[in-house]
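Asker: Numbering (our numbering), first residue to last: 1344 to 1502.
(1) Taking 8 Å as the threshold (C-beta atoms), are residue 1415 and residue 1429 in contact?
(2) Since residue 1426 sits in a beta bridge, which residues does DSSP pair it with?
(3) Output the distance between the C-alpha atoms of residue 1475 and residue 1371, rounded to the nearest integer angstrom.
(4) Three or more C-beta pairs under 8 Å: does that hold for the stretch 1399–1406 against the stretch 1484–1502?
(5) Which residue from 1387, 1486 and 1441 puts its Cα closest to that of residue 1465?
(6) Hey, would you say residue 1403 sits closer than 8 Å to residue 1392, going by beta carbons?
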């Protein structure tokens, strides 16, 4: 290999991408769940958010405060959590990203760790990769025979 590649550790890539993005993966998870629970519109309670994410209320409080500081939500202590316009837009994008990846993995035949793998991977993809996956999912919906061929191929290989 003559040409020097710009390799980094996983943490190095995460730090580089975080410089271009003001949301950490945890913040994205919280914002996506707030969007889900609020259905994009209605206020939600902190305890409902903590319960949905399987975290303790004090942890949820800290993250909600960070999201409020970043202007994604409106929140006052002991009050309801409401998405701002910015939060609604980002929440919708995060949910769409999640659903696209989940659909992609289902097309590949993933069953057992679908949610776990989606959660882990969704924060690591570049926009270019996500766009390609979106196109593939759309292609697969338009041409379902391709997916059927893939499933037959996998079945043959596994036997």
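Quick reminder that beta carbons are idealized off the backbone N, C-alpha and C, glycines included. All values reported here derive from a predicted model rather than from experimental measurement.
Answerer: The short version:
(1) If you number the chain shown from 1, residue 1429 lands on position 86. If you number the chain shown from 1, residue 1415 lands on position 72. Contact: yes.
(2) Reading the chain shown from its first residue, position 83 is the one you call residue 1426. Paired residues: 1416.
(3) Taking the first residue of the chain shown as position 1, residue 1475 is located at position 132. Taking the first residue of the chain shown as position 1, residue 1371 is located at position 28. Those two C-alpha atoms are separated by around 21 Å.
(4) no
(5) As a first step, residue 1465 is located in the chain shown; it is residue number 122 there, counting from the start. The shortest C-alpha separation from residue 1465 is found at 1441.
(6) As a working note, residue 1403 is residue 60 in the chain shown. As a working note, residue 1392 is residue 49 in the chain shown. A contact, by the Cβ cut-off of 8 Å.
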